[in-house]
Structure formats: structure tokens, C-alpha cells
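Undergrad:
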Amino acid sequence: MGNSQTDGRSPLAFSAMANYTHFEKHELGMLRDQFVDLAHRDGNPATISRAEMQEALSVAGIVDTDKEVLDRLFTMFDRTGDDQVYFREFISGFAALITSDVKEKLHFAFQMYDLEGLGNLAKEDILKVLSSINRTASYFGDACLTEEQVVQLVEDVFQQPGGKSSNLLYYQDFLAPVMEHAHLNTFISGKGPARYGQGLS
Numbered sequence: 001m002g003n004s005q006t007d008g009r010s011p012l013a014f015s016a017m018a019n020y021t022h023f024e025k026h027e028l029g030m031l032r033d034q035f036v037d038l039a040h041r042d043g044n045p046a047t048i049s050r051a052e053m054q055e056a057l058s059v060a061g062i063v064d065t066d067k068e069v070l071d072r073l074f075t076m077f078d079r080t081g082d083d084q085v086y087f088r089e090f091i092s093g094f095a096a097l098i099t100s101d102v103k104e105k106l107h108f109a110f111q112m113y114d115l116e117g118l119g120n121l122a123k124e125d126i127l128k129v130l131s132s133i134n135r136t137a138s139y140f141g142d143a144c145l146t147e148e149q150v151v152q153l154v155e156d157v158f159q160q161p162g163g164k165s166s167n168l169l170y171y172q173d174f175l176a177p178v179m180e181h182a183h184l185n186t187f188i189s190g191k192g193p194a195r196y197g198q199g200l201s
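Per UniProt numbering, the sequence shown runs over residues 1 to 201.
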């Protein structure tokens with residue numbers, strides 16, 4: 001990817017994140033399943049606590065160094081300071097930490113958010129996934145997009161055929177326009193205008 005490339009390869013893509021973690025897809029898939037079980041166990045299917053996250057990390061066999069990274073990310077995603085996060089946003093945000101190319105990272109992030117396995121997401125959910133990835137990248141020091149740019153990216157994708165008449169898109173279909181969008185190219189080429197805490201909600 002990066003500049004005019006659209007095949008998912010870029011030495012700069014999520015460059016800082018890649019120096020910190022090396023998750024495999026099966027690890028994060030197992031972690032998501034643990035989050036779902038824990039959230040339903042405590043009666044709130046949307047959120048998990050920090051203690052529940054630590055329990056899930058242990059069950060999933062996540063190594064201590066990666067546990068430390070995810071604990072810090074938990075703090076960033078805990079916007080209200082009550083030690084609770086919306087786990088779908090949380091796990092889709094760090095799904096981009098898997099060892100893979102950019103296209104596969106994005107596809108996997110959408111899969112992680114899509115708990116029902118329907119293969120499609122609403123506009124607001126796509127925005128949440130891309131915003132979560134953007135925030136995660138910013139935490140590791142990568143240049144990222146402003147929240148306004150992420151919103152514009154999603155709006156432009158929904159102007160594509162199939163998006164204008166529906167609030168739902170199959171992510172297999174919208175992945176290509178996302179990958180080709182100028183804002184995403186700016187992001188993965190390391191030229192985003194925002195840094196951690198700047199222009200991000």
C-alpha cells in the first residue's frame with residue numbers, strides 16, 4: 001500500500017505498532033471469545049472490566065510483554081475512567097497488531113467487531129472500527145488521521161454503489177474502496193497529520 005500501492009504491502013504500515021507486538025489471528029480470536037463469555041457472565045454484553053481483560057489474557061495464553069501493552073491500551077480506551085471498555089471497539093482496535101499486511105489487518109479488524117458473523121457492518125460500526133485502529137496506531141507513535149478524516153473516509157465509502165441505498169455494507173465489498181481511499185494511503189504511508197492526543201476523540 002502506501003502512496004499509489006493498493007496491494008496491502010508497505011514497510012511503513014503501522015510501523016511503530018509492529019515493533020511492540022506480534023499477535024497471531026488465532027490468539028486474538030480466542031481472546032475475543034473470552035471477552036464475549038466474560039461480558040455475558042456479568043450481565044453487560046457490551047463491556048468488560050480491566051480484571052476481566054486480565055483473566056481473558058491469561059486464559060488465551062497471551063505473553064506478559066503483550067499483556068502490558070494491552071493493559072496500557074485498555075487505559076486509553078477507557079474514556080470514562082471507570083475501568084470498563086466496550087470490548088468490540090477495543091479488540092477491533094488492536095486487531096491491527098496481527099502479523100500480516102494492511103488489507104488483512106483491516107479485514108480481520110472488521111471480523112473481530114462482527115460478533116454475529118454476518119459479514120456486514122453498519123456505517124457507525126465501520127466508523128468505530130477505523131477510529132479504534134487509528135487510536136491504537138496513535139498510541140504507538142504512528143502518525144494518524146484526525147477524527148474528521150476518518151469520518152470523511154467512511155462517508156466516501158458509503159457513496160460507492162451499494163452504500164447509498166443502505167446503512168449496511170458487506171466488508172468484503174467495502175474493503176477495496178477503503179484501501180484505495182486517499183486518507184488511508186496518507187495514514188499507512190506515515191504522513192497522517194495527527195499524533196497521540198491531537199485531533200482524536
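Ideal Cβ placement from N, Cα and C applies to all residues, glycine included.
So does the segment 135 to 155 actually touch the segment 174 to 189, counting three or more Cβ pairs closer than 8 Å?
TA: The segment 135 to 155, when compared against the segment 174 to 189, does touch it at the 8 Å Cβ threshold.
Undergrad: Tell whether a beta-carbon distance below 8 Å holds between Ala109 and Val129.
TA: In contact: Ala109 and Val129 (Cβ atoms closer than 8 Å).
Undergrad: Three-state secondary structure (DSSP) at Thr65?
TA: Helix at Thr65.
Undergrad: Sorted by chain position, which residues of the same chain lie with C-beta nearer than 6 Å to Ser131's C-beta, five sequence neighbours on each side aside?
TA: The answer, listed in chain order, is Val150.
Undergrad: Ignoring anything shorter than 3 residues, give me the beta strand (DSSP E) runs that lie fully in the segment 33 to 78, in order along the chain.
TA: You should have 47 to 49.
Undergrad: For Arg88, which residues of its own chain have a beta-carbon under 6 Å away from its beta-carbon, when the five flanking residues on both sides are left out?
TA: Once the five neighbours on either side are set aside, the close Cβ partners of Arg88 are Tyr113.
Undergrad: Report the option in Leu38, Gly141, Thr136 and Gln34 whose CA atom is closest to the CA atom of Gly93.
TA: If we check each option's Cα against that of Gly93, Thr136 comes out closest.
Undergrad: Since Met76 and Tyr170 are thought to touch, with beta carbons under 8 Å apart, how far apart are those beta carbons, to the nearest angstrom?
TA: Going by Cβ atoms, the distance from Met76 to Tyr170 rounds to 30 Å, so no, they are not a contact pair.
Undergrad: In this structure, does DSSP put Ala176 in helix, strand or coil?
TA: In the structure shown, Ala176 sits in a helix (DSSP, three-state: H, G or I).
Undergrad: Hey, could you find the ends of the alpha helix (DSSP H) Leu121 is sitting in?
TA: Unbroken run through Leu121 is the beta strand (DSSP E), Asn120 to Ala122; no alpha helix (DSSP H).
Undergrad: For Lys191, is the classification buried or exposed, using 16 other Cβ atoms within 10 angstroms of its Cβ as the cut-off for buried?
TA: Label assigned to Lys191: exposed.
Undergrad: Measuring straight from C-alpha to C-alpha, what distance separates Ala194 and Val69?
TA: Distance between the alpha carbons of Ala194 and Val69: 21 Å.
Undergrad: Beta-carbon within less than 6 Å of Phe174's beta-carbon, same chain only, minus the 5 sequence neighbours each way: which residues are those?
TA: Taken in chain order, the residues that qualify are Val157.
Undergrad: Can you grab the Cα-Cα spacing for the pair Phe90 / Asn167, in whole Å?
TA: When rounded, the distance between both Cα atoms is 23 Å.
Undergrad: Would Gln34 and Ala51 be called neighbours here (beta carbons separated by less than 8 Å)?
TA: In this structure, Ala51 does not lie closer than 8 Å to Gln34 by Cβ.
Undergrad: Compare the C-alpha of Gly29 against each of Met179, Gly117, Asn44 and Lys103 and name the closest.
TA: Considering only alpha carbons, the answer is Gly117.
Undergrad: Is the separation between the beta-carbon of Leu115 and that of Val63 shorter than 8 Å?
TA: No. Outside cutoff.
Undergrad: If you follow the alpha helix (DSSP H) that Leu184 is in, where does it begin and where does it stop?
TA: Element bounds for Leu184: Ala182 to Ile188.
Undergrad: Could you tell me whether the Cβ of Glu68 comes closer than 8 Å to any Cβ of chain D?
TA: Of the protein chains in the structure, only one exists, and it is not chain D.
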